[in-house]
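Using the UniProt record's numbering, you'd call the opening residue of the sequence shown number 1 and step up by one each time.
The next block holds one structure in the form of structure tokens; read it before the comments.
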Amino acid sequence: MAKNQSRTPGRDVRGGKGKGGRPFRPAQGKGPHGEKGRGSRPVPGAARRGPQQRDRGDLVEGRRAVEEALACGMPLRSALVQERSGERDQALEKIVARLDEAGVPVERVPRARLDALSSHGAHQGVVVRTRPFAYAELADVIAAAGEGPALIVVLDHVTDQGNFGAIVRTAEVVGAAGVIVAKARAASVGVGAYKTSAGAVMHLPIAQVPNLARAIDELKAAGFWACAATEHATEDVWHAPMGGRLALVMGSEGEGISRLVAEKCDFSCRLPQRGRVESLNVAQATTVLCYEWLRRVECGGEADA
């Protein structure tokens, strides 16, 4: 633990910019999919779904999106493919062959049926239905943490599937016990998360909870210290108590950490910054913070920087 750092549960150490460089803004800058972060005007419809996504979270449409779903090992339940009419579509038939090889049942249907399912009319002759992702319970994540040092990543309404998947990949690589996300207004496990996580979503417990603040209370009751990554922190990450049993709370791309969630955290930290560009996006910042936790644990506790 850093000198003069109190770990009294519930203590709010958020404040000004602190010393030594510009503050950490985990939600700033453009992410891998071009989202705008804090410090610029929010993009209307920032959570708008792309060509491979739709409001029906169990459907993936379009040839490229289906190929990506197959490549990343996303579990698929069935596929609807446009009936042949006229000349054979070689590219589409190659996708059908890959679906057959993967054991996915394929049904030939009229174009009108695909049009009715499509969210944007660009299904390109193929729509697949995914199997529901098996989310864990919060208790499962806590159980996976065991009794000693452990890391759990809490995402406060991160909406971009690319960022979400990248965070899950980092969490799995450093040996985190799990990831906790909100049920509403947050990215869920879809084809984008499967792809950017490199399959890590299949190896790490991910829990959806209706109330993040209540979930943090449960984590604290299980011996975790909750850390808010925020630009308002007075301490940088090198001097914050980042080891032990840590619940690392990361904010959304546009709004950061909500007030209610921040108030539940025991302490906060920021990443120091010397450059001129806007700071790291939420996925990149999470990687830095997760590895600082791992460094502390590998060094045997609250090692000095």
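For each residue, glycine too, the CB sits at the ideal point set by N, CA and C.
Nothing here was measured: the structure is a model prediction, and the numbers come from that model.
Within the stretch 52–140, the complete beta strand (DSSP E) segments at least 3 residues long are 59–61, 76–82, 106–109 and 126–130, listed from N- to C-terminus. Counting only runs of 3+ residues, the beta strand (DSSP E) found wholly inside the stretch 189–244 occupies 206–209 and 225–229, in chain order. The beta carbons of Ala177 and Val201 sit about 15 Å from each other, so the pair does not count as a contact at 8 Å. Shown here, Ala145 sits in a helix according to DSSP, grouped into three states. For a cut-off of 8 Å, the C-beta gap from Ile167 to Leu155 is around 7 Å, short enough to register as a contact. Exposure of Arg111 is indicated by the presence of fewer than 16 other C-beta atoms within 10 angstroms of its C-beta. Only residues of its own chain outside the window of five on either side were considered, and among them Val81 and Val106 have a CB closer than 7 Å to the CB of Val96, listed in chain order. Within the stretch 252–279, the alpha helix (DSSP H) runs of at least 4 residues that lie entirely inside it are, in chain order, 259–264. Excluding five sequence positions before and after Ile257, the CB atoms of its chain that fall closer than 7 Å to its own CB belong to Asp156, Ala228, Thr230, Val249 and Gly251, given in chain order. When rounded, the separation of the alpha-carbon atoms in Val66 and Gly103 is 14 Å.
In the DSSP assignment, Ala285 falls within the unbroken alpha helix (DSSP H) covering Val282 to Glu298. By the Cβ-count criterion, Glu298 is exposed, with fewer than 16 other Cβ atoms from all chains shown falling within 10 Å of its own Cβ. Spatial neighbours of Leu246 in its own chain (CB-CB distance under 7 Å, excluding positions within 5 residues in sequence) are listed in chain order as Leu151, Phe224, Trp225, Cys227 and Trp293.
With respect to the 8 Å criterion, Val181 and Gln161 are not classified as neighbours on the basis of their beta carbons.
When DSSP states are grouped into helix, strand and coil, Val158 belongs to the coil group. For Ala182, the enclosing beta strand (DSSP E) stretches over residues Gly178 to Ala182.
Straight across, the Cα-Cα distance linking Leu99 with Glu68 is about 12 Å. Cβ contact annotation for Val109 (same chain, cutoff 6 Å, sequence separation greater than five): Leu80, in chain order.
Nearest to Arg63 by alpha-carbon distance, out of Leu212, Leu114 and Ser85, is Leu114.
In this structure Glu147 is exposed. Its beta-carbon is surrounded by fewer than 16 other beta-carbon atoms within 10 angstroms.
Residue pairing from DSSP places Val153 in a beta bridge opposite Val179 and Leu248.
A Cβ-Cβ contact shorter than 8 Å links Ala198 with Arg169. Spanning the alpha carbons of Ile206 and Ala91 requires a straight line of approximately 35 Å.
In this structure, DSSP gives Ala186 a state outside helix and strand, which the three-state scheme calls coil.
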